[in-house]
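Trainee:
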Amino acid sequence: MFDHCLPRKGLLVRNPVLHLRDVRLELADRVLLSGVDLTVAEGESVALTGPSGSGKSTLLSCVLGLISPDSGTIEVAGADVTSLRAGARARHRSRHIGMVFQFGELLPELTALENVMLAAMLGGVRSSRGRSAAEELLHDLGISDTSVATGSLSGGERQRVAIARALVNRPSLILADEPTGALDDDNRDRVSQLLYSLPSRWGCGLLLVTHDQKVALGAERVARITDGQISMGAPTWGG
Numbered sequence: 039m040f041d042h043c044l045p046r047k048g049l050l051v052r053n054p055v056l057h058l059r060d061v062r063l064e065l066a067d068r069v070l071l072s073g074v075d076l077t078v079a080e081g082e083s084v085a086l087t088g089p090s091g092s093g094k095s096t097l098l099s100c101v102l103g104l105i106s107p108d109s110g111t112i113e114v115a116g117a118d119v120t121s122l123r124a125g126a127r128a129r130h131r132s133r134h135i136g137m138v139f140q141f142g143e144l145l146p147e148l149t150a151l152e153n154v155m156l157a158a159m160l161g162g163v164r165s166s167r168g169r170s171a172a173e174e175l176l177h178d179l180g181i182s183d184t185s186v187a188t189g190s191l192s193g194g195e196r197q198r199v200a201i202a203r204a205l206v207n208r209p210s211l212i213l214a215d216e217p218t219g220a221l222d223d224d225n226r227d228r229v230s231q232l233l234y235s236l237p238s239r240w241g242c243g244l245l246l247v248t249h250d251q252k253v254a255l256g257a258e259r260v261a262r263i264t265d266g267q268i269s270m271g272a273p274t275w276g277g
């Protein structure tokens, strides 16, 4: 079902799925983003770190199209989301962005299968196709009992369901906001390894926000945001 998503090693040219150019945002005389430039390519993982209040959540909200910057461009899968109307922006987000939150944000009364199928339905996928895709993803991510309400699953299992939900519409870009922040060390390592495997397996880009240095070092590149400005570190995989 995901054959069109080539692994990173098979990509001769890594086209950007996310490209921020000179993004600026001020609120009540406070500078939230100050000329931010950032690129995430298909098949690439980038970790975004920084202290609380540095602009991480604001940047994600801008990428999602929930906040409009004062200036600059934000291209997601080739479209500048800052120039789209609200309806078109929502459709583009649903089609091209998958989101993983710190606490999963699943509907606890629904089963794992139902949570993922719901995301497929909201993305415009037919019920039968959505069910097949959901079952395939959940099996691939190690969720064996898909008929149990997600409220009774462990934290690590819920995050794996959340990752399946983020992937079901074959997005170009995965955004993960502190996805391991509520997990113990063992589940933190499992979930972060799983997230970092997604770009090479599915050909998407991954932008992962974290306070955890160990989690950040699993990415190909690490960016740090301080006072609304981004600085890039060296690739973690090649020196």
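Going by the numbering used here, the sequence shown opens with residue 39, and the numbers climb by one from there.
Glycine is no exception: its CB is placed at the ideal position from the N, C-alpha and C atoms.
This structure is a prediction, so every number in the text was calculated from the model and none was measured.
Please state the DSSP three-state secondary structure of Leu211.
Mentor: Three-state result, Leu211: strand.
Trainee: On the three-state DSSP scale, how would you describe Thr184?
Mentor: Of the three classes helix, strand and coil, the one that applies to Thr184 here is coil, per DSSP.
Trainee: For the alpha helix (DSSP H) holding Pro146, just list the boundary residues, first then last.
Mentor: Careful: Pro146 lies outside any alpha helix (DSSP H) and carries neither H nor E.
Trainee: Leaving out five residues on either side along the sequence, give the residues of the same chain with a beta carbon under 6 Å from the beta carbon of Gly266.
Mentor: The answer, listed in chain order, is Val69, Leu70, Leu71, Ser72 and Gly93.
Trainee: What's the C-alpha gap between Gln197 and Ile181?
Mentor: Distance between the alpha carbons of Gln197 and Ile181: 11 Å.
Trainee: Using 8 Å as the threshold, is the region 166 to 186 in touch with the region 147 to 158, meaning 3 or more CB pairs across them?
Mentor: Touching, yes, given that three or more Cβ pairs across the two stretches are closer than 8 Å.
Trainee: Helix, strand or coil, according to DSSP, for Ile263 in the structure here?
Mentor: In the structure shown, Ile263 sits in a strand (DSSP, three-state: E or B).
Trainee: Where Tyr234 and Asp178 are concerned, what is the direct C-alpha to C-alpha distance, given to the nearest angstrom?
Mentor: Their backbone Cα atoms lie some 15 Å apart in a straight line.
Trainee: Using CA atoms only, rank isn't needed, just tell me which of Val253, Gly193 and Ala202 is closest to Trp240.
Mentor: It is Ala202 whose Cα lies nearest to the Cα of Trp240.
Trainee: Quick check on this structure: which residue in Arg62, Arg167, Arg133 and Ala126 has the alpha carbon closest to the alpha carbon of Val55?
Mentor: Checked all of Arg62, Arg167, Arg133 and Ala126; the closest Cα to Val55 is Arg133.
Trainee: What's the gap between the Cα of Lys47 and the Cα of Leu160?
Mentor: With a pLDDT of only 43 at Lys47, under the threshold of 50, the placement of this residue in the model should not be trusted, and no figure is reported.
Trainee: Name the two residues that bound the continuous beta strand (DSSP E) containing Ala85.
Mentor: Ser83 to Thr87 is the extent of the beta strand (DSSP E) around Ala85.
Trainee: Thinking C-alpha only, which one of Ala79, Ser106 and Val260 is nearest Leu65?
Mentor: Ranking the options by Cα distance to Leu65, first place goes to Ser106.
Trainee: Between the alpha carbons of Glu147 and Thr111, how many angstroms are there, rounded?
Mentor: Answer to the nearest angstrom: the Cα atoms are 39 Å apart.
Trainee: Give me the Cβ distance between Leu98 and Val247, rounded to the nearest whole Å; I'm assuming they're in contact under 8 Å.
Mentor: Between Val247 and Leu98 the Cβ distance is about 6 Å, and since that is below 8 Å, they are a contact.
Trainee: Is it the case that the Cβ atoms of Leu63 and Leu76 are separated by a distance below 8 Å?
Mentor: Contact flag unset, no.
Trainee: Alpha carbons only, please: which of Val61, Asn53, Glu82 and Arg52 is nearest the one belonging to Glu258?
Mentor: Ranking the options by Cα distance to Glu258, first place goes to Glu82.
Trainee: Compute the distance between the beta-carbons of Asn225 and Ala158, then report whether it is under 8 Å.
Mentor: No, they are not a contact pair.
Trainee: Would DSSP call Ala117 helix, strand or coil?
Mentor: In this structure, Ala117 counts as strand in the three-state DSSP scheme.
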